[in-house]
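In the working numbering, the protein residues as written are 2 to 229. For every residue, glycine included, the Cβ atom is placed at its ideal position computed from N, Cα and C. Since the model is a prediction, treat every value here as computed from it, not as a measurement. Before any comments, here is the structure.
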Ligand code: ADP
Ligand code: 5GP
């Protein structure tokens, strides 16, 4: 018997006091928005893929981008890769909850994914930059913001070089942008240092687990618990 709502019943329960008598109020159950940001090359995509393979009830938000697809990427899995004109149309049609110019390309989070998530009660994982994280936090204040950094700035550069997917100019631009990004860390709830990949993965799973336990407590229906 489950004494909390949430994913099981897709109903969130909060408790209010009324006339000395305890009442429960049913609200629509919503999943948690986990927003992960990191300077390019920190290992965020690597972590992201691993955590999605290991955890249930969480799905990725797939962004739209005008960036060309890399060799190891798939359309509709890593991003929806679209031309500039289509991105312009989506802006005009108000299809994005937020969008930004990052490293000379445009990236946008579709509104549709949040609508689906609200309907399903599933947790969502976002891989977006700091400005996008700020916009989502403004719109959805309960979002959980997680920042990922490599152990040092030099390691960041080494990983970008070793990944071998970006031109020299691109890597210079990504390193310059990393400085600005890191300055935005104050609004984040958690910092994970991705030195040893397994340890970083464990840290990320721990954050997700702790936030889920907190939600479980907030959705705990003690009237039902006591009466059963
Ligand atoms: P991001 O998505 O943050 O731009 P990636 O996930 O593409 O970064 O990782 C950048 C490079 O660093 C990749 O070649 C990846 O295999 C490597 N990498 C990721 N995490 C680690 C780690 N903990 N130790 C060593 N290399 C890593
Ligand atoms: P990459 O080109 O390396 O895949 O991603 C470049 C940057 O764009 C990363 O910092 C990534 O987090 C960010 N990004 C990806 N999707 C979105 C999005 O929908 N919105 C915003 N604001 N940033 C995004």
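Cα separation between residue i and residue j?
| i | j | result |
| --- | --- | --- |
| residue 226 | residue 220 | 12 Å |
| residue 130 | residue 81 | 17 Å |
| residue 184 | residue 39 | 11 Å |
| residue 76 | residue 195 | 27 Å |
| residue 49 | residue 78 | 12 Å |
| residue 93 | residue 87 | 10 Å |
| residue 34 | residue 224 | 28 Å |
| residue 84 | residue 96 | 15 Å |
| residue 22 | residue 229 | Note that residue 22 has pLDDT 38, beneath the 50 cutoff, so the model's placement of it is unreliable and the number below is only indicative. If you take the alpha carbons of residue 22 and residue 229, they lie about 18 Å apart. |
| residue 162 | residue 214 | 39 Å |
| residue 192 | residue 205 | 9 Å |
| residue 164 | residue 31 | 37 Å |
Considering only the beta carbon of each residue, do residue i and residue j sit closer than 8 Å?
| i | j | result |
| --- | --- | --- |
| residue 135 | residue 188 | yes |
| residue 149 | residue 44 | yes |
| residue 137 | residue 36 | yes |
| residue 119 | residue 62 | no |
Nearest CA to the CA of residue i: which residue from the options?
| i | options | result |
| --- | --- | --- |
| residue 58 | 144, 186, 168, 124 | 124 |
| residue 66 | 89, 73, 193, 54 | 89 |
| residue 55 | 207, 162, 229 | 207 |
| residue 157 | 142, 173, 147 | 173 |
| residue 98 | 127, 160, 74 | 127 |
| residue 147 | 216, 211, 73 | 211 |
(request) Inspect the CB distances between the region 170 to 187 and the region 95 to 105 and report whether three or more fall short of 8 Å. (result) The region 170 to 187 is in contact with the region 95 to 105.
(message) Does the contact criterion of 3 or more C-beta pairs under 8 Å hold for the region 157 to 168 versus the region 107 to 123?
(response) At 8 Å Cβ cutoff, the stretches do not touch.
(request) Entirely within the region 32 to 117 and at least 3 residues each: give me those beta strand (DSSP E) ranges in chain order. (result) With a minimum length of 3 residues, the continuous beta strand (DSSP E) runs that stay inside the region 32 to 117 are 34 to 38, 59 to 61, 97 to 103, 106 to 111.
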